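Those protein sequence lines, which keep their order, are chains A and B.
Just so you know, this note's numbering puts 20 at position 9 of the first sequence, and the rest follows in order with no gaps.
Just so you know, this note's numbering puts 1266 at position 118 of the second sequence, and the rest follows in order with no gaps.
Cβ atoms here follow ideal geometry from the backbone N, Cα and C, with glycine treated the same way.
Only a predicted model underlies this, so the values are computations on that prediction, with no experimental measurement involved.
Worksheet for the structure shown next.
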Amino acid sequence: MRDDILRCSGLRKAFGDLVAVAGVGFTIAEGETYGLLGPNGAGKTTTISMIAGILERDDGEVLIDGHPLTPGGVRGKGLIGYVPQDLAVYPDLTGRENLRFFARLYGLSRAEVRDRTAEVLEIIGLTDRAGDPVKAYSGGMKRRLNIGIGLLHRPRLLVLDEPTAGVDPQSRNAILENVERLAGEGIAVLYTTHYMEEAERLCDRVGIIDLGELRAEGTRRELVGLVGERDRVTLTADGDIAAAVRAAGALAEVRRASAQDSRIDIVVDDARDALPRIFDAVAGVGVAVRSVEVAEPDLESVFLHLTGRALRD
Amino acid sequence: MRITLALRAVLLIAGKDLRQRLRDRSLIMVALVLPFVLAVIFNLVFSGTDDQEIARYAVADEDHGPAATRFVDDVLRPVERQGIIALRTVPSADAGRRLTEQGQVAATFVIPAGFSAAIRSGGPVTLRVIGDPDAPIKVQVARSIAESYAAELTSVRLSIAVVLRGAPANPEQAADLARTVRAVPTPLSITDVSATRRELDIKTYFAAGMAVFFLFFTVQSGVNSLLDERRDGTMARLLAAPIPRWAILWGKLAASWAVGVVSMCVLVVATQLILGARWGNPLGVGLLVVAGVLAATGVMAVVATMARTAEQSGNWQAIIAIVLGMLGGVFFPVSQAGGVVGWLGYATPHRWFMRGLADLSGGGGAGIVLPAVAAMTAFAAVTGGVALLRVGRMVRP
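Right under this line is the structure:
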């Protein structure tokens, strides 16, 4: 069992009469990527600002690797790598100067600063432009630098606040790949987004937040299970379609199977588990599959189910 | 250990800010070019105008002896009749000092009690000239008048010495007599100012005035960088770092202070070498610069805490800097206005800075600036304290 890097509970923050976050709590284990999914204004940034020690909280507790974290304190903050939603870099300094400044601020020694700056520049693909002022960078390059600063001190918990907002598709893909790689290296990742696809691609578990409250959390499958929807597999095939429907329908994983012309519609609990057995069953009655389409219930439908409105409303 | 790490953070933030400021060409313009150019322009415009007016002087005769009467009637009155000066008598040195401090007269001649008796007995005596630091040329005229009287008294003594010894018979005797005369103590020594009121020449006046005026604009950029960090999102990153929050503020203030001190030092040296300004004792000037920059940083910091954005803060700070500068007499000697306006100047660090330099200009040691340094440090303490109390509004995401 992996250790929890982040444990937060009962987080609450109000701005005047507006309650931005009301009793949010969750845990993230080592190497786990936790997504906080919700529309703009749901309370995602306020929540992670309290977790990162940037914002005073009205109530609640944050433990980083067992250490209590407070905004005025220092302990625990060094274990967090924070990547804010907006670009937070100094445009009149070079990329290297930005990295070195923050590396020193996190207490790295002179040799560590030199080595980690070079490593991070390599990771974010800015080694060739490291000596240029940041104001000369493209938007994507600034985004990469923004993330790179959060990685300098090898944090145990990386907090990313909508890092792909306003980013071109190529840079966005590069950012997502980086996050996947970091999680693979054992870093706990807290990732906020209002893009369902990103949460589905990256996150081991997802917390659905709306109007400052955590409505539900779990793996994608657990959340979809809350809605009661199942995967839908559509095969286009040649041969005895009726026999193929009977063979597939006899499988334990299959809830329902039907056919229309050369198309076979199959409803299953989990398409990923069922597909190999469906292929075997269909092939067993001499039917050749020409194409396969899998439609899984997504987090969008879960969010709609839980809140009564779409993620991008 | 924790303190060491926090100080490290302060220095890191200050170093980063200094690097940013050095790359900001507008700062070079505000901190160095503008004050220097304006000092040159003001110097060209105003030099020579100071001595075209009638100089108003007071004389306090506390002696009432023949030598005092002669100084007033045979030296000062004839000059007055020529229309060069306007003379009024006052009963005491204190009354003259008050008039001078209020700017109603440019200088007061003080003839102390015992003046005539001391001259008769051949002992040394002091004739004082209390001068207004904001009317340097008029004070210089007063000093010259007093010196001319001193020279006259010396020649009288020379005559007496000649009579007593008889006429010189040969060159050796003449040389001997000359040596004797030189050995006769000057009966009159001139102290041209009081301990607290000295004068700046025009070049130094405008060099110092422009330097301290633009100092407030120079330190404002550093103070406002707190608001810039919030606008640019980097404040959140600083707050997330494992450093105490106060380190962020102190890093900013340290950078502001350092930029202010460096710009002032460059201006002091440049105006001295190029314009011929005479700043006075280097240690005294250094103390004034350090205290002046502290006061400027404190004033600008407290204004910044009132603002919501860097732009708003900049506008308010500009207004405050201009008003304080004018009241403090960096463009013209407000003390000559007398009354409330003259005294209001002392509610500004500018006035104390100028006064400290005026005190130094008489050739005194660094200790003479301590009252001005104390006043400016008090400004810094009060305004800085208020800023610290309010800074929570700025050190947040």
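About 13 Å separates the Cβ atoms of B/His1498 and B/Val1367, ruling out a contact at the 8 Å cut-off.
In this structure, B/Val1447 is the residue among B/Phe1184, B/Arg1246, B/Ile1422 and B/Val1447 with its C-alpha nearest to the C-alpha of B/Gly1533.
Listed in chain order, the alpha helix (DSSP H) elements of length 4 or more contained wholly in the region 73 to 146 of chain A are 106 to 116 and 121 to 134. Residue-level contact check: B/Gly1381 touches chain A, since one or more beta carbons of chain A fall below 9 Å from its beta carbon. The shortest C-alpha to C-alpha distance from B/Leu1186 to any of B/Lys1351, B/Asp1282 and B/Met1524 is the one to B/Lys1351.
In chain order, Pro102 and Asp103 place their CB closer than 7 Å to the CB of A/Lys146, counting only its own chain and leaving out the 5 sequence neighbours on each side. As for any alpha helix (DSSP H) of minimum length 4 sitting wholly inside the region 1198 to 1263 of chain B, the runs are 1214 to 1218, 1225 to 1229 and 1241 to 1249, ordered along the chain. Against chain B, a Cβ distance below 7 Å from A/Val85 picks out Pro1390, Ile1391 and Pro1392. Between the alpha carbons of B/Met1542 and B/Trp1464 lies a gap of roughly 16 Å. For B/Ala1157, the nearest CB of chain A lies under 9 Å from its own CB, placing it at the interface with that chain. Judged by their CB atoms, B/Leu1160 and A/Pro82 are not nearer to each other than the 9 Å cut-off. Annotation for A/Arg226: the continuous beta strand (DSSP E) segment containing it runs Glu224 to Gly229.
Under DSSP, A/Leu169 shares a beta bridge with A/Gly92 and A/Val200. Within chain B, not a single residue places a beta-carbon under 7 Å from that of A/Ile158; the smallest gap is close to 12 Å. Going by beta carbons, B/Thr1248 and B/Ile1293 fall outside the 9 Å limit. In the same chain as B/Ala1425, and ignoring 5 residues on each side of it, the C-beta atoms closer than 7 Å to its own belong to Lys1351, Thr1352, Ala1355 and Thr1419, in chain order. Residue-level contact by beta carbon fails for B/Ile1151 and chain A, as no gap is shorter than 9 Å. Taking a Cβ-Cβ cut-off of 7 Å, B/Ala1162 has no neighbours in chain A, whose nearest Cβ is about 12 Å from it. Contact check between the region 246 to 265 of chain A and the region 296 to 311 of chain A: three or more CB pairs, one atom from each, fall below 8 Å, which counts as touching. By the Cβ test, the region 207 to 225 of chain A is in contact with the region 48 to 64 of chain A, since at least three Cβ pairs between them sit closer than 8 Å. Looking from the CA of A/Leu168, the closest CA among A/Ala185, A/Ile198, A/Arg155 and A/Pro180 belongs to A/Ile198. Residues of chain B whose Cβ lies closer than 7 Å to the Cβ of A/Arg127 do not exist, since the nearest Cβ in that chain is about 15 Å away. Counting the other Cβ atoms within 10 Å of the Cβ of A/Ile75 gives 16 or more, which makes it buried.
In the structure shown, B/Thr1457 adopts coil according to DSSP, grouped into three states. Closer than 9 Å to the CB of A/Tyr101 there is at least one CB belonging to chain B. A straight-line Cα-Cα distance of about 16 Å links B/Leu1182 and B/Ser1369. Nearest C-alpha to B/Thr1445 among B/Trp1500, B/Arg1229 and B/Val1530: B/Val1530. In the DSSP assignment, A/Glu304 is bridged to A/Thr245. Taking 4 residues as the minimum length, the alpha helix (DSSP H) runs contained wholly in the region 13 to 83 of chain A are 55 to 62, in order along the chain.
Relative to A/Pro166, the option among A/Gly36, A/Gly92 and A/Leu137 whose CA is nearest is A/Gly92.
DSSP, read as helix, strand or coil, puts B/Ser1373 in helix. Here A/Gly21 has Gly34, Gly36, Asp70, Gly71 and Glu72 as same chain residues with Cβ atoms under 7 Å from its own Cβ, once five neighbours each way along the sequence are excluded. A distance of 9 Å or more separates the beta carbons of A/Leu187 and A/Thr203. At a cut-off of 9 Å between beta carbons, A/Asp28 makes no contact with chain B.
Residues of chain B whose Cβ lies closer than 7 Å to the Cβ of A/Lys88 are, in chain order, Ala1388, Ala1389 and Pro1390.
Going by beta carbons, B/Ala1208 and B/Ala1162 fall outside the 9 Å limit.
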